[in-house]
Amino acid sequence: MNHKELAKKFLEISHDFKLGDLPTEGQHPKTIGLSQWSKSNLPLALDNIKQIEQEVLEVLKAKFGELNSLKQEIRDTFETGGRVFLCGCGATGRLSLCLETIWKKTQKSKESVLSFMAGGDVALIHSIENFEDFPQYGSRQLLELGFGENDLLISTTEGGETPFVIGATEQAAQTSKRRPYFLYCNPDDILSSVALRSKKVIENKNIEKINLTVSQMVLAGSTRMQASTILMLAAGIGLFNLDEMWLNNLSENIDNLNFHDLEDFIIEESKIYQSGDSVLYLSCDELAISVLTDTTERSPTFSLISFENMQSRTSDYSLCYLSLKSSSSIDEAWSKLLERPPRCLEWSETKEQTSLSRLKGFNISNGLFNQRADYINGKDQLFEIEFLQDGFHFKLNELSKDWRFNSTDLLAKHVLLKVLLNTHSTLVMGRLDRYSSNIMTWVRPSNNKLIDRTIRYVQILLKEKGISKEYDEICYELFKQLESASRSEALVLKVYNAILES
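Residues 298 to 799 in the working numbering are what the sequence shown spells out, letter by letter.
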């Protein structure tokens, strides 16, 4: 199909994906100008991000009472021999896999928790385009894992409208005697008005809902940040049966964090990329899945080259990659990262992207440094992340920092590491001009939600110029530009400039 036919096809279903009224898609008033601050006023950028992260904890504290029923249902499930399944897509899929990994590293009943994400385990390291648009895929993955009548599903979706997650949740409501839990981050009334699929879930009495609205993201639409943080915390509190004292302690740890200690690391990593070199994150086993999550999510958020697969490698390669320092083989590295054998999809229609063979093409062993040295243009600089009994350690070239906390449990460490790495990578990308103000100008429209986001962000930029353009007109221009766009272009800006020049 040509670009006009593709645009028309999207517009026919666009009413289901026009999500601009959702808070998670909007611009946070406290971070307008973030891209400029990342280059000229890092302390201001860090202070504002820290304040927003602190607000997330306050929202969760106010909602803590709603987590008691989730905690009790999880306990009842375990006591009667059932299992807890964790489900998500993209960032929430990765947090689901992370929670399972933490569970297996710390609990005796290792097989009582299973997680899955849209696209299977391959999607942990490489986004699977369009997969989240199919509710039947969510249902199918759930059932193939053996979900039964005594099992409990906990679904997490930042926006509250992801078709894959909704499909899995509705299937769980039909299969199990236990009502699934649906956790999300937008107000019920707005969700119900913009997405019929969300309204059906909200009104379904066989599904338990926990609304965790946290306002706009630090970077508009980048729900890998506060939205996935609060969802990881809510699901984690339920899973590990944690109390308010634990949450207050975590809040105290974030209050005590000196975000300014990230400043030199942000500047150094930016310089490495600007000089033509790259960064290899060298991680300990205990924290590797959160390091992988942050580095993986840089690709779809900022339109970077994703982690290269060694079986189908081209001349392109990722600016950063992950290596587990203790693992000498690919199989060992994946088993240590996940704390279990990988779960991949061998479906005939998707196996080229989702199979176990595909996953094993991503080398995260300690042999990666030498392997990449054979084909990258510059040199991999090592960013080492080590486990400490009361925290973790960062080292990048001559920079070194111990992050210490008054808590030693693994979930708290992963949440704190997530917050720090998300902040770090977002500001590194700002210094590389990978977004404008706090708008994702490099977003790649790889699914229907992201097509809508691209169109809306072009509208915002045009409005700042006093130009009003209809949604449909921008849509046609987007699909026209997609015919010639490369990954090295900011697509929002490409469409924006094309309209200005027309």
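Heads up, the beta-carbon is just placed ideally off N, CA and C, and yes, glycines get one too.
Annotated as proximal: G456 and T520, with beta-carbon spacing under 8 angstroms. Remark: C-beta atoms of D561 and K676 do not approach each other more closely than 8 angstroms.
Runs of the alpha helix (DSSP H) lying entirely within the region 640 to 710 and spanning at least 4 residues, in chain order: 648 to 651, 653 to 656, 665 to 670.
When beta bridges are read from the DSSP output, F413 appears opposite C384.
Sequence-distant partners of G323 (beyond 5 residues in either direction) whose C-beta falls short of 7 angstroms from its own C-beta, in its chain, are Q513, A517. Per DSSP, E505 is one residue of the beta strand (DSSP E) stretching across 505 to 508. In this structure, DSSP gives M298 a state outside helix and strand, which the three-state scheme calls coil. Per DSSP, the unbroken beta strand (DSSP E) holding F479 starts and ends at 478 to 481. C581 carries a coil assignment under DSSP once its states are collapsed to helix, strand and coil. Taking 8 angstroms as the cut-off, the beta carbon of I748 is found no closer than this to the beta carbon of G535. Per the Cβ contact rule, the region 442 to 451 is in contact with the region 375 to 386 (3 or more Cβ pairs under 8 angstroms). Within the region 522 to 605, the alpha helix (DSSP H) runs of at least 4 residues that lie entirely inside it are, in chain order, 523 to 537, 541 to 553, 560 to 571, 585 to 599.
DSSP, reduced to helix, strand and coil, places I463 within a helical segment of the structure shown. In the assembly as shown, L797 is an exposed residue. Its beta-carbon has fewer than 16 other beta-carbons within 10 Å. Comparing alpha-carbon positions, the option among E646, K401, F659, T593 lying closest to S609 turns out to be F659. Contact between E774 and V792 is confirmed by a C-beta separation of about 5 angstroms, below the 8 angstroms threshold. Excluding its 5 nearest sequence neighbours in each direction, P340 has C-beta neighbours in its own chain below 8 angstroms: H557, E560, listed in chain order. Pairing M726 with R595 gives a Cβ-Cβ distance under 8 angstroms. S733 sits in a strand when the DSSP states are folded into three classes. In the three-state reduction of the DSSP assignment, I764 falls in the coil class, being assigned neither a helical nor a strand state.
Here the region 677 to 697 makes contact with the region 580 to 588; the two share three or more CB pairs at distances below 8 angstroms. Under DSSP, C617 shares a beta bridge with V576.
The region 595 to 604 makes contact with the region 718 to 732: 3 or more CB pairs, one atom from each, lie closer than 8 angstroms.
Here the C-alpha atom of L601 lies approximately 41 angstroms from the C-alpha atom of S473. Assignment of M607 by DSSP, reduced to helix, strand and coil, places it in the coil class. It is roughly 6 angstroms from the alpha-carbon of L665 to the alpha-carbon of S620.
Around S733, the same chain offers S332 as residues with beta carbons nearer than 6 angstroms, after the five sequence neighbours per side are excluded. Secondary structure note for I349: its alpha helix (DSSP H) is the uninterrupted segment 339 to 360. DSSP lists L383, Y478 as the beta-bridge partner residues of I451. Within 10 angstroms of the beta-carbon of I764 lie fewer than 16 other beta-carbons, which makes it exposed. Looking at the DSSP output, Q324 bridges to M514.
In the three-state scheme derived from DSSP, where H, G and I count as helix and E and B as strand, E629 is classed as helix. One thing to note: P638 has its Cβ no nearer than 8 angstroms to the Cβ of T510. Under the three-state reduction of DSSP, L396 is assigned to helix. In the DSSP annotation of this structure, the continuous segment of the alpha helix (DSSP H) that includes Q433 starts and ends at 432 to 441.
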